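Inspection log for the structure reproduced underneath, given as structure tokens.
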Amino acid sequence: MRKTLFTIVLATSVMLMTGCGSSEKKDNKEGEPEAEQTFMTDDDIEYTELKKVPLPCEKDLLYTAWKQIGSVELQRKKTLDYKTHTPTLVFSTDLDDDGTPEILLRSDPPYAAIYTMVKDTLQLITFADHPEMGLAITQDGAIIRNVMGQKGSTFSEFIRLEKGQIVASGAVREKFSIKNGAMVSDGIEYMLKGDTAMVKVSKDEYQAVAPQHEGTFLEEIEGWEDFRTP
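In the numbering used here, the protein residues as written are 2 to 231.
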């Protein structure tokens with residue numbers, strides 16, 4: 002079954018973890034705030050189908066660009082090294098319907114990157130820079146970067162493109178703590194990209210810009226081609 006991302010509303014005080022991908026909740030006390038939590042589901046909900054377009058450049062150029070991502074230093078002396086993980090799958094599509102393709106590349110999870118062509122120049126849009134990161138695409142062509150952190154914390158960022166350029170970006174971050182044996186939300190932060198960095202905004206401001214569709218993870222999208230074939 003295909004996995005998609007979706008958002009539902011939960012009572013913040015009482016989410017009990019009962020197993021992988023499942024939860025139970027106690028009755029919410031009157032007046033307690035609500036929290037949004039992003040889950041994966043195996044139901045076919047708004048599955049994203051991408052239309053293939055011709056690859057706009059030679060694979061050698063993509064291979065070189067992938068290697069140039071290099072090593073990503075992580076905590077506890079761990080790294081993600083794109084130099085030692087050759088891309089194995091490629092998908093050329095037009096996410097923003099501007100007539101210029103975007104190129105999706107994958108290797109062993111979590112290694113993945115998304116490029117675009119701007120004036121015949123290959124440009125990196127985003128890539129997986131965390132071992133627990135999943136990249137997804139919505140029906141309207143937005144890119145989702147979803148990370149599950151320590152203690153169940155979540156970070157979900159969206160990227161919107163227009164003519165191959167990032168025109169909007171934002172994120173939702175939710176942290177959790179364990180209280181009386183239950184996983185409890187410590188609150189949600191909504192952010193939108195300002196001139197140089199993410200800035201906190203209200204939920205309404207965020208939702209006015211954020212994608213309204215679920216995202217399908219790259220590995221669940223059908224139609225990938227073997228990057229290693231001529």
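Glycine included, every Cβ here is placed at the ideal spot set by N, Cα and C. In this text the structure is predicted, and so the values were computed from the model without any measurement.
Residue j beta carbon less than 8 Å from that of residue i
i	j	result
residue 92	residue 224	yes
residue 118	residue 57	yes
residue 228	residue 89	yes
residue 116	residue 103	yes
residue 162	residue 146	no
residue 97	residue 164	yes
residue 140	residue 47	yes
residue 144	residue 160	yes
residue 191	residue 168	no
residue 222	residue 49	yes
residue 193	residue 206	yes
residue 62	residue 125	no
Close-in-space but distant-in-sequence residues of the same chain around residue i (CB under 7 Å, 5 per side omitted)
i	result
residue 154	175, 176 and 177
residue 73	80, 81 and 130
residue 55	93
residue 1	With the chain covering only 2 through 231, there is no way to say anything about residue 1.
Member of the options whose CA lies at the smallest distance from the CA of residue i
i	options	result
residue 111	98, 170, 122 and 127	127
residue 158	213, 170, 98 and 121	170
residue 60	207, 106, 77 and 98	106
residue 216	195, 231, 142 and 53	142
residue 120	99, 86 and 138	99
Chain-order list of residues whose beta-carbon lies under 6 Å from that of residue i (same chain, five-residue window excluded)
i	result
residue 40	Residue confidence for residue 40 is low, a pLDDT of 44 falling below 50, so the modelled location carries little weight and cannot support an answer.
residue 226	91
Own chain residues within Cβ distance below 8 Å of residue i, not counting five before or after
i	result
residue 53	92, 93, 94 and 224
For the 8 Å Cβ check, are there 3 or more pairs between the stretch 60-75 and the stretch 196-208? no
Go through the stretch 105-155 residue by residue and report every complete run of the beta strand (DSSP E) that reaches 3 residues or more, in order. 113-119, 122-128, 134-139 and 144-149
Alpha helix (DSSP H) runs contained entirely in the stretch 50-110, provided each spans 4 or more residues: 60-70
Within the stretch 150-214, note down every full beta strand (DSSP E) run reaching 3 residues or more, in order along the chain. 155-163, 166-180, 183-194 and 199-202
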